[in-house]
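Here's the structure we're looking at; comments come further down.
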């Protein structure tokens, strides 16, 4: 167990639907990062939050949004889902003053 | 700019031989370079990292070297074992919009042949 918790582990939904992925960072970590990994692809940075505030955006689609709550957990909202959104979505957290990321186990999203 | 190139994309070696994976980065301000191992369907796990103030770091069968002048770093695995088979990602830290983030290479699928 890495200390970063992601739910649900698997999600199957239809095109056009909306889903919410949840991430709880390691205790004490203020930074949360979201990454998308499509089949046999690398890790594409989506967005970062630090202590409740958005800090950096990557290649995140307008149909996607995220937020970090006062208890530091984060949610990634994906709407108007398309087949191409099927992927593994990873959350990672990082402690202040630390450089390394710790990844959660991911949410596998399948859009049918 | 932010770019990390990783080579090769696939690598097959005989058990017991060495494996080397290479990465180059573009941001001269990058100062942290981790390597992650990802087994099929699982999360990426940090296996070794190096800061820009050192040129080499070793942990048992794994070592990483860094050449800041050339902006490249490499992962070396010696005496490879079947359990080393996985996808390996390099990454480099960059600062963008005032925040630190990691940019990942595209990954190397390493297969150890018994």
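Chains as they are written, first to last, in the working numbering: chain A, 1 to 112; chain B, 1 to 114. Beta carbons: idealized from backbone N, C-alpha and C, even for Gly. Keep in mind the model is a prediction, meaning the values are calculated, not measured.
- Anticipated Cβ contact below 8 Å, residue 64 (chain A) with residue 46 (chain A), distance rounded: Sure, about 7 Å apart at Cβ, within 8 Å.
- Hey, would you say residue 103 (chain B) sits closer than 8 Å to residue 91 (chain B), going by beta carbons? In this structure, residue 91 (chain B) lies closer than 8 Å to residue 103 (chain B) by Cβ.
- Task: Spatial neighbours of residue 75 (chain B) within its chain, please: CB distance less than 6 Å, with the 5 preceding and 5 following residues excluded, ordered by chain position.
- Result: Within the same chain, and ignoring the five residues on either side of residue 75 (chain B) in sequence, the residues whose Cβ sits closer than 6 Å to its Cβ are 21, 35, 64.
- Query: Per DSSP, what kind of secondary structure is residue 84 (chain B) in: helix, strand or coil?
  - Reply: Helix.
- When you compare each of A:104, A:105, A:96 to residue 101 (chain B) by their alpha carbons, which one comes out closest? Here the closest residue by C-alpha is A:96.
- Message: I'd like to know whether the C-beta atoms of residue 104 (chain A) and residue 92 (chain A) end up nearer to each other than 8 Å.
- Response: A contact, by the Cβ cut-off of 8 Å.
- What residues match up with residue 17 (chain B) in a beta bridge as DSSP calls it? Answer is none; residue 17 (chain B) lacks a bridge partner.
- With 8 Å as the threshold, decide whether the Cβ of residue 89 (chain B) is near any Cβ in chain A. Answer yes: the Cβ-Cβ gap between residue 89 (chain B) and chain A drops below 8 Å somewhere.
- Query: Leaving out the 5 sequence neighbours to the left and right, which residues in its chain are closer than 7 Å to residue 82 (chain A) when beta-carbon positions are compared?
  - Reply: For residue 82 (chain A), where only same-chain residues beyond five positions count, the Cβ hits under 7 Å are 15, 111.
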